[in-house]
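This report refers to the structure that appears directly beneath it.
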Amino acid sequence: MTRRIVGTALMGLVIAAMIVAAWLVPGEQGVNLVSLILVWALFAIGFDLVFGVAGMMSFGHAALFGVGGYVATNLMVFHGLDFMSALAAAAVGGALLAFGLSVFAMRVSGLFFSLLTLALAQMIYVLASNRLRHWTGGLDGIAGVPRPALLGVDFYDNRNYYLFLVAVFVAGLALMALLRTSPFGRALRAIQANDVRAAQLGYNVNRLRQSAFIVSGAYAGVSGALLASLMFYISPQMLHWTTSGDVVIMAVLGGKGTLLGPVLGVALFELLKEELSQYTQYWYGLIGLVFILATIFLRHGIAGLFLGRGDEGKGGSS
Amino acid sequence: MSTIVIGLSLSFLLFLLAAGLTLVFGMLGVINFAHGALYMLGAYVGYQVALTSGSFWAALLVAPLVVAALGALMERSTLSQVYGRDHIYQVLLTFGLILVIDDATKLVWGMDYKQVPTPDLLAGPVELFGAMIPAYRLFIIGFGAAVSILLFLLLDRSKWGMMIRAASADPDMASTLGVDVARVRTGVFAFGAYLAAMGGVVAAPLVPVELGMGFSVIIDCFVVVVIGGLGSIRGAILASLLLGMTRAAGYTFATEWVELITFVILIATLMFRPQGLFSTKGRAA
Numbered sequence: 002m003t004r005r006i007v008g009t010a011l012m013g014l015v016i017a018a019m020i021v022a023a024w025l026v027p028g029e030q031g032v033n034l035v036s037l038i039l040v041w042a043l044f045a046i047g048f049d050l051v052f053g054v055a056g057m058m059s060f061g062h063a064a065l066f067g068v069g070g071y072v073a074t075n076l077m078v079f080h081g082l083d084f085m086s087a088l089a090a091a092a093v094g095g096a097l098l099a100f101g102l103s104v105f106a107m108r109v110s111g112l113f114f115s116l117l118t119l120a121l122a123q124m125i126y127v128l129a130s131n132r133l134r135h136w137t138g139g140l141d142g143i144a145g146v147p148r149p150a151l152l153g154v155d156f157y158d159n160r161n162y163y164l165f166l167v168a169v170f171v172a173g174l175a176l177m178a179l180l181r182t183s184p185f186g187r188a189l190r191a192i193q194a195n196d197v198r199a200a201q202l203g204y205n206v207n208r209l210r211q212s213a214f215i216v217s218g219a220y221a222g223v224s225g226a227l228l229a230s231l232m233f234y235i236s237p238q239m240l241h242w243t244t245s246g247d248v249v250i251m252a253v254l255g256g257k258g259t260l261l262g263p264v265l266g267v268a269l270f271e272l273l274k275e276e277l278s279q280y281t282q283y284w285y286g287l288i289g290l291v292f293i294l295a296t297i298f299l300r301h302g303i304a305g306l307f308l309g310r311g312d313e314g315k316g317g318s319s
Numbered sequence: 010m011s012t013i014v015i016g017l018s019l020s021f022l023l024f025l026l027a028a029g030l031t032l033v034f035g036m037l038g039v040i041n042f043a044h045g046a047l048y049m050l051g052a053y054v055g056y057q058v059a060l061t062s063g064s065f066w067a068a069l070l071v072a073p074l075v076v077a078a079l080g081a082l083m084e085r086s087t088l089s090q091v092y093g094r095d096h097i098y099q100v101l102l103t104f105g106l107i108l109v110i111d112d113a114t115k116l117v118w119g120m121d122y123k124q125v126p127t128p129d130l131l132a133g134p135v136e137l138f139g140a141m142i143p144a145y146r147l148f149i150i151g152f153g154a155a156v157s158i159l160l161f162l163l164l165d166r167s168k169w170g171m172m173i174r175a176a177s178a179d180p181d182m183a184s185t186l187g188v189d190v191a192r193v194r195t196g197v198f199a200f201g202a203y204l205a206a207m208g209g210v211v212a213a214p215l216v217p218v219e220l221g222m223g224f225s226v227i228i229d230c231f232v233v234v235v236i237g238g239l240g241s242i243r244g245a246i247l248a249s250l251l252l253g254m255t256r257a258a259g260y261t262f263a264t265e266w267v268e269l270i271t272f273v274i275l276i277a278t279l280m281f282r283p284q285g286l287f288s289t290k291g292r293a294a
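Going down the list, the protein sequences come from chains U and G. Taking my numbering, the leading residue of the first sequence gets 2, the next gets one more, and so forth. Taking my numbering, the leading residue of the second sequence gets 10, the next gets one more, and so forth.
Set out below in structure tokens:
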């Protein structure tokens with residue numbers, strides 16, 4: 002137990018150090034990299050509520066991420082809505098889509114859930130790239146996604162926007178920490194450990210799983226909107242299956258089922274991407290290789306190293 | 010008439026792929042996400058062999074064997090390490106394999122797409138019931154039908170089939186009776202890779218051989234196994250037919266909507282028969 006507390010504190014320190022260090026480095030390079038990490042980390046934290054806590058491997062989270070980005074972009078660019086309202090709308094959009102997907106995907110369980118989420122997300126990708134061109138800009142995407150206008154601060158300056166992202170990230174992390182320790186989070190863990198027993202205890206297993214998926218959809222929606230405004234740009238690439246795959250890789254690398262593990266996973270992924278892509282165009286294959294090795298030899302990801310979980314230990318999902 | 014032939018040829022192509030997927034699932038309990046990547050690899054290796062030897066038939070013979078050997082290597086080096094664990098880890102590994110296979114293919118063959126010419130013997134059209142049909146489409150139908158019959162015989166009648174079924178029903182008991190379960194698993198994975206690559210070579214003259222080809226196909230395959238009921242070869246045949254024929258009809262009558270038809274069928278199936286059209290078992294995989 003103490004090992005767990007010390008380990009979690011250490012992980013928190015590493016993350017805090019990363020955030021502060023990026024700010025202290027003069028220029029924009031460090032800030033830009035960590036901005037990207039924070040946005041994806043918010044996505045990964047939300048994803049892990051479904052994947053690591055509730056034990057459902059969704060391969061369709063790109064749909065929630067991309068649609069969140071598109072909802073915010075459309076409202077701001079074409080309807081002149083302000084940033085904060087658009088961000089809230091992205092959360093609602095992500096949650097609503099998650100509800101819609103869950104109606105279909107949750108008619109099956111286990112590996113079939115992974116297949117179905119993947120297929121449904123692919124359907125949305127196909128729709129967005131072809132049918133809904135006027136709404137998504139087709140394969141060209143939409144440029145000029147705005148940033149917030151708050152308190153007279155110029156958020157078009159990347160260093161200022163970084164502070165905004167840190168604030169949103171910390172708020173999202175705190176909320177998730179609360180959720181995971183709440184009776185809701187505990188019930189989800191019970192379901193992952195043994196869903197039949199959880200149902201016998203009186204938990205409404207399907208309703209709880211669906212709720213987790215919806216909360217995760219809201220996180221994905223917000224982070225998608227933040228990414229679009231960070232890049233000033235959005236395209237259906239955000240809805241592509243590789244995006245769903247990336248967040249799975251991040252969560253596994255970092256350590257699924259832990260609060261801070263996925264954040265470290267995102268950091269490692271983005272660092273690898275940043276470094277490897279300078280030397281070779283085959284960085285994605287190399288990340289695949291790292292991912293395979295981590296899956297075999299580092300079952301609990303980076304968090305496992307901090308929390309002292311050996312490979313033989315429990316803590317795997319069921 | 011040509012709609013029916015195109016539909017049947019699409020169906021049998023899908024079946025070649027879905028059969029391998031279903032077979033590996035039945036044996037390992039794992040959905041092989043990299044199945045589409047192996048299909049793509051088969052098409053590329055087939056392209057290389059056809060280019061070097063000048064013969065499509067050599068490609069059809071050699072490329073699946075090469076990919077099967079690679080498949081065996083992949084299973085030994087990655088999947089076999091994690092059989093004791095939750096199935097999630099095995100699925101994750103097959104996902105990692107996609108990224109590695111894709112980039113390795115890019116490294117060897119580059120980004121541009123390749124074309125494999127239709128073999129001379131089958132290049133021309135054939136007249137059938139008053140319609141001109143490309144001979145190659147007819148070949149796919151005949152070839153696919155032959156492979157599916159062989160597959161039935163192999164699984165249901167041969168000693169190997171019996172070993173495979175025994176090892177998947179109860180690995181411990183099978184190994185007590187002297188079946189080398191680890192070897193059967195490697196063999197089945199390699200055989201699945203063989204079927205995927207064969208599908209890739211057969212499809213190569215019809216479509217451009219390119220990096221994205223594996224993924225678009227794997228989604229259709231997943232839909233086939235979800236509709237047909239995983240683990241059931243019979244279900245895979247019927248679902249492939251359903252999907253292939255609807256697609257062909259779509260190309261003829263509603264070109265605009267063809268890419269969505271697959272998903273509509275999938276959703277309709279889920280709403281009315283979530284356990285799959287031909288499956289008697291539940292969906293607790």
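Think of the CB as a built atom: it goes at the ideal place given N, C-alpha and C, for glycine as much as any other residue.
Within 8 Å, strictly: CB atoms of residue i and residue j
| i | j | result |
| --- | --- | --- |
| Ala99 of chain U | Ser278 of chain U | no |
| Gly225 of chain U | Gly101 of chain U | no |
| Pro217 of chain G | Gln90 of chain G | no |
| Phe52 of chain U | Tyr220 of chain U | no |
| Ala87 of chain U | Gly222 of chain U | no |
| Tyr126 of chain U | Ile235 of chain U | no |
| Phe104 of chain G | Gly61 of chain U | no |
| Met239 of chain U | Ala106 of chain U | no |
| Ile15 of chain G | Arg194 of chain G | no |
| Phe233 of chain U | Ala144 of chain U | yes |
| Leu69 of chain G | Val226 of chain G | no |
| Leu260 of chain U | Ile303 of chain U | no |
| Ala229 of chain U | Ala73 of chain U | yes |
Enclosing alpha helix (DSSP H) for residue i [first to last residue]
| i | result |
| --- | --- |
| Tyr265 of chain U | Looking at the sequence shown, residue 265 of chain U is not Tyr but Leu. Where Leu265 of chain U is concerned, the enclosing alpha helix (DSSP H) stretches over 262-280. |
| Met141 of chain G | Careful: Met141 of chain G lies outside any alpha helix (DSSP H), inside the beta strand (DSSP E) at 140-143. |
| Pro184 of chain U | 184-194 |
| Gly223 of chain G | 222-237 |
| Asn41 of chain G | It is not in any alpha helix (DSSP H) - Asn41 of chain G carries neither H nor E in the DSSP assignment. |
| Gly258 of chain U | Neither: Gly258 of chain U is in no alpha helix (DSSP H) and is coded neither H nor E. |
| Tyr260 of chain G | 242-262 |
| Asn75 of chain U | 62-80 |
| Tyr283 of chain U | Taken as a continuous stretch (DSSP letters only), Tyr283 of chain U belongs to no alpha helix (DSSP H), as it is neither H nor E. |
| Trp118 of chain G | 96-118 |
| Trp136 of chain U | 134-137 |
| Trp66 of chain G | 65-86 |
| Phe198 of chain G | 190-212 |
| Gly53 of chain U | That residue, Gly53 of chain U, is in no alpha helix (DSSP H); it is neither H nor E in DSSP. |
| Phe272 of chain G | 267-281 |
| Gly305 of chain U | 302-308 |
Residue i classed as buried or exposed, judged by whether at least 16 other C-beta atoms fall within 10 angstroms
| i | result |
| --- | --- |
| His241 of chain U | buried |
| Cys230 of chain G | buried |
| Gly314 of chain U | Legend: pLDDT at Gly314 of chain U = 41, less than 50; position of this residue unreliable, value from coordinates given subsequently. Gly314 of chain U is exposed by the Cβ-count criterion. |
| Asp49 of chain U | buried |
| Glu84 of chain G | buried |
| Tyr56 of chain G | buried |
| Ala176 of chain G | buried |
| Gly203 of chain U | exposed |
| Ala78 of chain G | exposed |
| Trp266 of chain G | exposed |
| Gly196 of chain G | buried |
Boundaries (first-last residue) of the beta strand (DSSP E) holding residue i
| i | result |
| --- | --- |
| Glu29 of chain U | No beta strand (DSSP E) holds Glu29 of chain U; DSSP gives it neither H nor E. |
| Leu137 of chain G | 134-137 |
Point to revise | Residues of the region 45-75 of chain U with Cβ closer than 7 Å to any Cβ of chain G, in chain order | key: Listed by position along the chain: Met58.
Check your understanding: Can you list, in chain order, the residues of the region 16-43 of chain G whose Cβ is nearer than 9 Å to any Cβ on chain U?
Key -> Taking 9 Å as the Cβ-Cβ cut-off against chain U, the residues of the region 16-43 of chain G that qualify are Phe34, Gly38, Val39, Ile40, Phe42.
Review point. Which residues, in order along the region 276-293 of chain U, keep a beta-carbon less than 7 Å from a beta-carbon of chain G?
Key: Residues of the region 276-293 of chain U whose Cβ lies closer than 7 Å to any Cβ of chain G, in chain order: Tyr283, Tyr285, Gly286, Ile288, Gly289, Leu290, Phe292, Ile293.
Check your understanding: Quick one: complete alpha helix (DSSP H) runs, 4+ long, within the region 206-244 of chain U?
Key -> Complete alpha helix (DSSP H) runs here, min 4: 206-232.
**Study point:** Contact residues within the region 82-101 of chain G, judged by C-beta distance below 7 Å to chain U
**Key:** Taking 7 Å as the upper bound on Cβ-Cβ separation, chain U lies near residues Thr87, Gln90, Val91, Arg94, Asp95, His96, Ile97, Tyr98, Val100, Leu101 of the region 82-101 of chain G.
Exercise for review: Please name the residues in the region 117-148 of chain U whose beta-carbon is closer than 9 Å to at least one beta-carbon of chain G, in chain order.
Suggested key: Within the region 117-148 of chain U, the qualifying residues are Leu117, Leu119, Ala120, Leu121, Gln123, Met124, Val127, Leu128, Asn131, Arg132.
**Study point:** Contact list for the region 106-117 of chain U against chain G, Cβ threshold 8 Å
**Key:** Of all residues in the region 106-117 of chain U, Arg108, Val109, Ser110, Gly111, Leu112, Phe113, Ser115, Leu116, Leu117 have a Cβ within less than 8 Å of some Cβ in chain G.
Point to revise | Completely contained alpha helix (DSSP H) runs for the region 158-188 of chain G, where each covers 4 or more residues | key: Here the runs fully enclosed are 168-178, 180-185.
**Study point:** Interface positions of the region 238-253 of chain U facing chain G (Cβ-Cβ less than 9 Å), listed along the chain
**Key:** Residues passing the 9 Å Cβ filter: Trp242, Thr243, Gly246, Val249, Ile250, Val253.
Check your understanding: What are the complete alpha helix (DSSP H) segments, minimum 4 residues, inside the region 84-127 of chain U?
Key -> Scanning the region 84-127 of chain U for uninterrupted alpha helix (DSSP H) segments of 4 residues or longer gives 84-106, 112-127, listed from N- to C-terminal end.
Practice item. Using a Cβ-Cβ cut-off of less than 8 Å, list which residues of the region 252-278 of chain G approach chain U; keep chain order. Key: Residues of the region 252-278 of chain G with a C-beta atom less than 8 Å from some C-beta of chain U are Glu268, Leu269, Phe272, Leu275, Ile276, listed in chain order.
Point to revise | Contact set between the region 294-305 of chain U and chain G, restricted to residues whose Cβ is under 7 Å from the partner | key: Result list: Thr296, Ile297.
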